[in-house]
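Take a look at the structure set out below.
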Amino acid sequence: MDVFDGNKFLNTVLLLITTIIVAKLISYFIIPKSKKRLPLILPGWPIIGGLLRFLKGPIFMLREEYPKLGGVFTLKIFHKNITFLIGPEVSAHFFKAPETDLSQQEVYQFNVPTFGPGVVFDVDYSVRQEQFRFFTEALRVNKLKSYVNQMVSEAEDYFSKWGSSGEVDLKYELEHLIILTASRCLLGREVRDKLFDDVSALFHDLDNGMLPISVLFPYLPIPAHRRRDNARKKLAEIFANIISSRKGSNKSEDDMLQCFIDSKYKDGRPTTEAEVTGLLIAALFAGQHTSSITSTWTGAYLLCNKQYLSGVVEEQKNLMAKHGDRVDHDVLAEMDVLYRCIKEALRLHPPLIMLLRSSHSDFSVTTREGKEYDIPKGHIVATSPAFANRLPHIFNDPDKYDPDRYAVGREEDKAAGAFSYISFGGGRHGCLGEPFAYLQIKAIWAHLLRNFELELLSPFPEIDWNAMVVGVKGKVMVRYKRRELSVNQ
Ligand code: HEM
Ligand SMILES: *[C@@H]1O[C@H](CO)[C@@H](O)[C@H](O)[C@H]1NC(C)=O
Ligand SMILES: *[C@@H]1O[C@H](CO)[C@@H](O)[C@H](O)[C@H]1NC(C)=O
42 MDVFDGNKFL NTVLLLITTI IVAKLISYFI IPKSKKRLPL ILPGWPIIGG LLRFLKGPIF
102 MLREEYPKLG GVFTLKIFHK NITFLIGPEV SAHFFKAPET DLSQQEVYQF NVPTFGPGVV
162 FDVDYSVRQE QFRFFTEALR VNKLKSYVNQ MVSEAEDYFS KWGSSGEVDL KYELEHLIIL
222 TASRCLLGRE VRDKLFDDVS ALFHDLDNGM LPISVLFPYL PIPAHRRRDN ARKKLAEIFA
282 NIISSRKGSN KSEDDMLQCF IDSKYKDGRP TTEAEVTGLL IAALFAGQHT SSITSTWTGA
342 YLLCNKQYLS GVVEEQKNLM AKHGDRVDHD VLAEMDVLYR CIKEALRLHP PLIMLLRSSH
402 SDFSVTTREG KEYDIPKGHI VATSPAFANR LPHIFNDPDK YDPDRYAVGR EEDKAAGAFS
462 YISFGGGRHG CLGEPFAYLQ IKAIWAHLLR NFELELLSPF PEIDWNAMVV GVKGKVMVRY
522 KRRELSVNQ
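First residue of the sequence shown: 42, per our numbering; consecutive thereafter.
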C-alpha cells in the first residue's frame, strides 16, 4: 500500500512538473506575444502626453532620448502612440514594408485639402500606385533631358538680370529662380509665360495654408485654410482652361503637365483635368521648397569652405575644357564633385525632418545592441532623416561638412546598407524626384560658379526648425562679382 501510494504521489508530482514544463515551453514557443517587449513610453502629461515636447521640436527630443534609450521608443500624444525607429538597423521595416503593413494615407491626410480631391492621399492605394507611376514616367531620363534645357535657360535668364557686381539675399534669389524653373518644367509654358504672377500668388496661399496645426486639424475654419481652399479652386479653373485648350489645339509640350494629360490608368481611362491639377500641385509641394532650401545650404557651405569651393570650380574648368560652354543632362551627370557637395549639404539639412507611417500589423525590430522590441499594430511609426543622417556610428565626425565621405573607398552613405542616408527616404516610397532635384541644383550652381565670384556676407545661417519644410532662417546675404571662368586660368 505504502509503496503504491508513494509511487502514485511521485507520478503525480512528475506529471505536474512535466505539465508545467510543457506549458512553459508551449508558451515560450507558441505564444511569445504574451510577453511583449514593448518600447519604453516617454513620460508625459495626462491626455496630451508628449505633445508639448513634440511641438518644441522633435529633433531636440530625439537628441535627448536617443543616447538614453537607443533607437526605439514611444511617445504618446493624445491617444496616439508614436514609435520612433531611428537608425538603419531598425528603420528597414519602415522603408520596406508593404502598404498593408505600413501605410501613408492616414498620416499624410492633411495634404488632401491642398492637393485636392481624387489624387494621392485622397484615393485608395491601388489608384495612388498608378498615379505614382505617372510621376515615374514624367521623370524618366528622356523627359529629364528636356527639363534640363529649360532649367539651364531659366538660370541664364535669371542671372543675366544681376549687375556686374552687387549684394543679394541668395535665399530669396534661389527660391525665386526655382519657382520660375518649376513653373516651366512642371506647370508648362502657358503658366510660365502668361500666368506666372497669378499662379504663384495662388501657390503662395496654398503654401501658407499648410501650418503645423493643419497636420492635426486640416479643416479647422481659420483664415489661412479659407485662403487655401479658394486658391485651390482658382487653380483648378486655370488648369482646366489650359488643359482643354491644349487638347483642343493638339499642341504637345515638353513638360510634366503634358505627361499627366497623356497618362492613362490600367483600364484605359485617361486622367481628368482635376486629377492633372492635383498631381501638379503635389509635384510642386514635393519638389519646390526642398530643392531651393538645398541649393541655399549648398551655397552657404561652399562659400565657407574654400577647399571645397576650389574643388567645384576646378571641376567646372575641366568640364569647360572638355565640352565648351555646353551644359546639358550628360554634362551635369559628370559633375561628381558638385554632386557630393550638394549631397553633403542635404545630409546635414534634410528639409523633410520626419517621415511617418500608420502601422496595421504587429512587427518586431532588433537594435544594433541586440535588443528586441515588439511594436503592436495601431501605432504610428516615425523616422527622422535629420537625426539619423548624423548618427556617429555611420558618419564619421557627423556634424562636419565633408563631401569626400561619399568618395570611392569611404562611401559612408552605404555604411550600414540602403537606409544609412535617408534625406530622400528610401525603399518602397523613396523620392521619385531625386534625379530631377540634383539636375536642377547642379544647373544653378554650375551657372553661378562659371559666371560669378561669390562671398558670404551673413554669418553662417541657422536652421528654421519651425517651418513645415525645414530650411534656412533669415537672409543669406552674398556679394557677387561677374567673372569669366577661363579654362587656362
Ligand atoms: C532636394 C529635394 C528633395 C528632397 C530632399 C525630397 C525628399 C523626399 C522624401 C524624404 C520622400 C519620402 C517621403 C516618405 O517616405 O514619407 C520623398 C518622396 C517623394 N518625392 Fe521627393 N524630395 C525632393 C525633391 C523632389 C522633386 C523635385 C520631386 C518631383 C518633381 C519629388 C517627388 C516626390 C514624390 C512623388 C514622392 C513620393 C514617392 C512615394 O511616396 O512613393 N521630390 N521626397
Ligand atoms: C487633332 O487631332 C485629331 C486626331 O489626330 C484630329 O481629328 C483633329 O482634327 C485635330 N484638331 C485640330 C484642331 O487640329
Ligand atoms: C498605446 O499604448 C498603450 C500602452 O502600451 C495601450 O494601452 C494603448 O491601447 C495604445 N493605444 C493605441 C491607440 O494603440
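Each residue gets a CB set at the ideal place from its N, CA and C atoms; glycine is no exception.
{"query": "Is there contact between the stretch 131 to 142 and the stretch 458 to 478, where contact requires at least three CB pairs shorter than 8 angstroms?", "result": "yes"}
{"query": "Within a Cβ cutoff of 6 angstroms, which residues of the same chain sit near M42, ignoring the five residues on either side of it in sequence?", "result": "Unreliable positioning characterises M42 in this predicted model, as indicated by a pLDDT of 46, which lies under 50. A coordinate reading is not provided."}
{"query": "Taking buried to mean at least 16 other C-beta atoms within 10 Å of its own C-beta, is V240 buried or exposed?", "result": "buried"}
{"query": "Does ligand 5 have even one heavy atom less than 7 angstroms from the beta-carbon of P426?", "result": "Among the ligands in the structure shown, ligand 5 does not appear; only ligand 1, ligand 2 and ligand 3 can be found there."}
{"query": "Buried or exposed: which applies to S75, given that a residue is buried once 16 or more other Cβ atoms fall within 10 Å of its Cβ?", "result": "Annotation note: pLDDT 49 at S75 (below 50); position unreliable, coordinate value reported separately. It counts as exposed."}
{"query": "DSSP three-state label for A138, please.", "result": "coil"}
{"query": "What do you get for T53, buried or exposed, if any count of 16 or more other CB atoms within 10 angstroms of its CB means buried?", "result": "exposed"}
{"query": "Going along the chain, which residues of its own chain have a beta-carbon closer than 8 angstroms to the beta-carbon of F175, five neighbours each way excluded?", "result": "C300, F301, S304, T312 and L320"}
{"query": "Between the C-alpha atoms of R310 and G159, what's the straight-line distance to the nearest angstrom?", "result": "14 angstroms"}
{"query": "Going by the DSSP bridge assignment, what does W86 pair with across the sheet?", "result": "G90"}
{"query": "Under 7 angstroms: does the beta carbon of L218 sit that close to some heavy atom of ligand 1?", "result": "no"}
{"query": "Just checking G22 against ligand 3 - is the residue's beta carbon closer than 7 angstroms to any of the ligand's heavy atoms?", "result": "Because the chain in this structure spans residues 42 to 530, residue 22 falls outside the shown range and cannot be described."}
{"query": "Any heavy atom of ligand 3 closer than 7 angstroms to the beta-carbon of H120?", "result": "yes"}
{"query": "Pick helix, strand or coil for S144, following the three-state DSSP scheme.", "result": "strand"}
{"query": "In angstroms with no decimal places, state the Cα-to-Cα distance between S425 and P99.", "result": "9 angstroms"}
{"query": "For the candidate residues R381, I220 and H420, whose alpha-carbon lies nearest to that of S332?", "result": "I220"}
{"query": "Mapping the DSSP letters down to three states, classify S75 as helix, strand or coil.", "result": "Note that S75 scores a pLDDT of 49, beneath 50, so its modelled location is shaky; the value from the coordinates is reported in the next line. DSSP places S75 in helix when its eight states are reduced to three."}
{"query": "State whether the stretch 190 to 204 contacts the stretch 263 to 274, with contact taken as three or more CB pairs (one from each stretch) at a distance under 8 angstroms.", "result": "no"}
{"query": "If you draw a straight line from the C-alpha of G128 to the C-alpha of T408, how long is it?", "result": "9 angstroms"}
{"query": "Would W486 be called buried (16 or more neighbouring beta carbons within 10 Å of its own) or exposed?", "result": "buried"}
{"query": "Do H470 and ligand 1 come close, with the Cβ less than 7 angstroms from some heavy atom?", "result": "yes"}
{"query": "Could you check what DSSP says for S205 in three-state terms: helix, strand or coil?", "result": "coil"}
{"query": "Sort out for me which residues DSSP pairs A423 with in a bridge.", "result": "F125 and L397"}
{"query": "What do you get for G157, buried or exposed, if any count of 16 or more other CB atoms within 10 angstroms of its CB means buried?", "result": "buried"}
{"query": "Check each candidate in V148, P84, K121 and L526 and name the one with the smallest Cα separation from E106.", "result": "P84"}
{"query": "Is it buried or exposed, D248, if we count other Cβ atoms within 10 angstroms and call 16 or more buried?", "result": "buried"}
{"query": "Go ahead and pull the three-state DSSP assignment for V517.", "result": "coil"}
{"query": "When the Cα atoms are used, what is the spatial distance from G411 to E294?", "result": "55 angstroms"}
{"query": "Taking a contact to mean a Cβ-Cβ separation below 8 angstroms, would you say E356 touches L379 in this structure?", "result": "yes"}
{"query": "One question on the structure: do F151 and V256 come within less than 8 angstroms of each other, judged by their Cβ atoms?", "result": "yes"}
{"query": "Can you tell me whether S285 is buried or exposed? The criterion is at least 16 other CB atoms within 10 Å of its CB, across all chains shown.", "result": "exposed"}
{"query": "Please list the terminal residues of the continuous alpha helix (DSSP H) segment that includes T337.", "result": "E314 to C345"}
{"query": "For L397 versus A423, is the C-beta spacing smaller than 8 angstroms?", "result": "yes"}
{"query": "Output the boundary residues of the beta strand (DSSP E) element that contains K412.", "result": "Premise fails: K412 is in no beta strand (DSSP E) and is neither H nor E."}
{"query": "Is the Cβ-Cβ distance between E208 and V519 less than 8 angstroms?", "result": "yes"}
{"query": "Given the structure, does P391 come close to ligand 1, in the sense that its CB is under 7 angstroms from one of the ligand's heavy atoms?", "result": "yes"}
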